[in-house]
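Here the protein sequences come in this chain order: A and B.
Residue numbers in the first sequence follow the numbering used here, run continuously in steps of one, and reach 151 at the last position.
Residue numbers in the second sequence follow the numbering used here, run continuously in steps of one, and reach 151 at the last position.
One structure is given below, encoded as structure tokens.
There are 2 protein chains.
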Amino acid sequence: MSCSFSKQEQILQQFKGLTNQISPKFERCTGISASRYELLSQLYNTEEINQSTLQKAVNIDGAAITRHLKQLETSGMVARRRNPDDNRVIFVSLTEEGRQRIVEYRKENMGFVKQMLHDFTPEEVDALSDMMERMQTNISEY
Amino acid sequence: MSCSFSKQEQILQQFKGLTNQISPKFERCTGISASRYELLSQLYNTEEINQSTLQKAVNIDGAAITRHLKQLETSGMVARRRNPDDNRVIFVSLTEEGRQRIVEYRKENMGFVKQMLHDFTPEEVDALSDMMERMQTNISEY
DNA sequence: GTATTATATTTGACTGGTCAATGGATAGTG
DNA sequence: CACTATCCATTGACCAGTCAAATATAATAC
């Protein structure tokens, strides 16, 4: 018996396929990986932040965060120092250099997203965002 | 000047964050990685298929396909043989074993997706699927 | 019929994520 | 005050994707 796969069942694959396509293209277009861009974005609106709270904000494994930040540090865009009051935690912040570069990156990001969503109404973007948030909470307990 | 980031700009990050969360959970729940599941699914409704057309169907780099298929071959779920009429191409097919296993995997997949979309109406699922398709075509030219 | 070009698969180097284990620092408890 | 818990960051091992280069075969052009 042949038996095809429903739209529901394929949603996951569509999701994965789309992000797999997006990631390298984003990086080519903007000159920075999506994850590093997100880290810089998070730092942009703050002075100094715990590495662990930064990690929770971007929802990537701590090991990857450590590596990204080290890289961003050696490239001069972020600064890191230990919290003198608690030597376990590390404070992360943007350098002046990083603060300037993020502005450029942000332009590229906006261009990319605008292209990707050029035929989307604002309501659709909202709906999409909401649905993703719901999916996130629906699987968060797993 | 502090300057926050719009919903549009954050869509990408939301996307990436969600797939990053989904992938390991899917694998834990179903016992197979999403990519391998997709490969098996594709093979389920066919007799024999070119590796290259399979690759285009799942939209993953050929290098990764080769590695996945080799793994699935040594685990006894797929068979591969060269096309006698064109020794460049490789025919891939499910083994009996693979054909049985995919049925189980599919159950797990449905359970997982059902949980993830449990509060979605069918119309929402359709809308989501359509939007992803549009995004895909919107960035395909890049 | 050879030379070139194109196609299919494979391999290697690299990136970025996961988990599990480690080390150092702090907090809580008897 | 020790002793245990916990927390934070790091490290190592692994997996899955990318690109680019290599290989082998087929198709095309002269």
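By construction, the Cβ of each residue, glycine as well, lies at the ideal position given by its N, Cα and C atoms.
Computed from a prediction, not measured in an experiment: that's the story for all the values here.
Less than 8 Å between CB atoms is the rule here; does residue i satisfy it with respect to chain A?
{"i": "B/T62", "result": "no"}
{"i": "B/I58", "result": "no"}
{"i": "B/I74", "result": "no"}
By the three-class DSSP mapping on this structure, what secondary structure does residue i have?
{"i": "A/F129", "result": "coil"}
{"i": "B/D94", "result": "coil"}
{"i": "B/I69", "result": "coil"}
{"i": "A/S102", "result": "strand"}
{"i": "A/I41", "result": "coil"}
{"i": "A/N59", "result": "strand"}
{"i": "B/S11", "result": "Interpretation of B/S11 is limited by its pLDDT of 43, a score under 50 that renders its predicted location unreliable; no figure is taken from the coordinates."}
{"i": "B/I111", "result": "helix"}
How would you list, in chain order, the residues of chain B whose beta-carbon sits under 9 Å from the beta-carbon of residue i?
{"i": "A/A88", "result": "Under the 9 Å cutoff, chain B gives no residues; its nearest Cβ is about 19 Å from A/A88."}
{"i": "A/I99", "result": "Within 9 Å Cβ-Cβ: nothing; A/I99 doesn't reach chain B, min ~22 Å."}
Interface residues of chain A around residue i at Cβ under 7 Å?
{"i": "B/E18", "result": "N118, M119 and V122"}
{"i": "B/E47", "result": "Q22"}
{"i": "B/I148", "result": "Q30, I31, K34, Q124 and M125"}
Quick one: list the residues of chain B neighbouring residue i, beta-carbon separation under 8 Å, in chain order.
{"i": "A/N68", "result": "G26, N29 and Q30"}
Just the chain A side, please: which residues come within less than 8 Å of residue i by C-beta, in chain order?
{"i": "B/A43", "result": "L21, Q22 and K25"}
Cβ of residue i less than 8 Å from any chain B Cβ?
{"i": "A/Y114", "result": "no"}
Please list, in chain order, the chain B residues whose beta carbon lies closer than 7 Å to that of residue i.
{"i": "A/Q145", "result": "L27 and Q30"}
My guess is that residue i and residue j are in contact by the Cβ rule of under 8 Å, so how many angstroms apart are they, rounded?
{"i": "B/R89", "j": "B/L78", "result": "6 Å"}
{"i": "B/M141", "j": "A/M125", "result": "With 8 Å as the limit, B/M141 and A/M125 do not qualify as a contact, their Cβ atoms being about 11 Å apart."}
{"i": "B/G107", "j": "B/L49", "result": "6 Å"}
{"i": "A/I58", "j": "A/V101", "result": "6 Å"}
{"i": "A/S114", "j": "A/Y46", "result": "The question names Ser, yet the displayed sequence has Tyr at residue 114 of chain A. The Cβ separation is near 6 Å, so the contact holds."}
{"i": "B/F35", "j": "A/L21", "result": "7 Å"}
{"i": "A/V87", "j": "A/L103", "result": "6 Å"}
{"i": "B/V134", "j": "A/K16", "result": "6 Å"}
{"i": "A/I74", "j": "B/Q30", "result": "Actually they do not touch by this definition, with Cβ atoms about 15 Å apart."}
{"i": "B/T55", "j": "B/N118", "result": "Not a contact, Cβ separation roughly 19 Å."}
Is residue i near the ligand HEM, in the sense that its beta carbon is under 7 Å from a heavy atom of that ligand?
{"i": "A/Q19", "result": "Here there are no bound small molecules, and the ligand HEM is not part of this structure."}
key: Short-range partners of chain B found in the segment 25-37 of chain A, where Cβ spacing is below 8 Å   = K25, G26, L27, T28, N29, Q30, I31, S32, K34, F35 and R37
request  = Give the residues from the segment 121-143 of chain A that approach chain B closer than 8 Å (Cβ to any Cβ), ordered along the chain.
outcome  = F121, V122, K123, Q124, M125, L126, H127, D128, F129, E133, V134, D135, A136, L137, S138, M140, M141, E142 and R143
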